[in-house]
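In terms of this note's numbering, the sequence shown opens at residue 621 and continues consecutively. The beta-carbon is built from N, C-alpha and C at its ideal position, and this holds for glycine as well.
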Amino acid sequence: MKYKYCPKCDILRPRTFMMDDRCEGCRDDAVTIEVPRSIYGKLMYVTSGVAIALIVLFLAYRDYGLGFASFLSGVDETLFIALVFATILLAFVFSFLDMGRTGREARRIVEERKGRYHD
Ligand SMILES: [Zn+2]
């Protein structure tokens with residue numbers, strides 16, 4: 621997870637791949653801070669993957685009648701869709717928790733470096 625920090629404006633924001641190395645506010649050079657994803661970030665990837673797999677399985681069974689998904693014939697459709705939505709919701713919750721974690725960590729790194737500048 622990458623963050624961008626502008627020492628001049630003291631603004632820290634998540635950095636997307638479309639952004640350059642400059643601050644959106646003052647167009648001055650910004651510092652890139654890389655924070656490893658938390659356990660929630662990993663869980664987000666896992667739950668997103670599961671959600672996608674469930675959707676693919678569901679479409680394979682319902683729309684294409686593919687053999688490998690035939691085990692779904694015994695599963696209640698409403699229950700299955702509810703499960704898909706629950707999984708997607710869970711991925712959002714994990715994503716939110718991960719953003720909170722990595723955001724705080726990026727802020728901590730910024731504060732730590734600030735302390736170093738003052739020495
Ligand atoms: Zn700035």
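- By the neighbour-count definition (other C-beta atoms within 10 Å, threshold 16), V695 is an exposed residue.
- When secondary structure is reduced to three states using DSSP, L679 falls in the helix class.
- In terms of side-chain proximity, the C-beta atom of D648 is found nearer than 7 angstroms to a non-hydrogen atom of ligand 1.
- I653 has its Cβ no nearer than 7 angstroms to any heavy atom of ligand 1.
- In this structure the segment 644–659 does not lie against the segment 691–711, because fewer than three pairs of beta carbons, one per stretch, are closer than 8 angstroms.
- Nearest to C626 by C-alpha distance, out of C643, T636, R635, is C643.
- Excluding residues up to 5 positions away in sequence, Y660, L663, M664, T667 lie with their Cβ nearer than 7 angstroms to the Cβ of F714 in the same chain.
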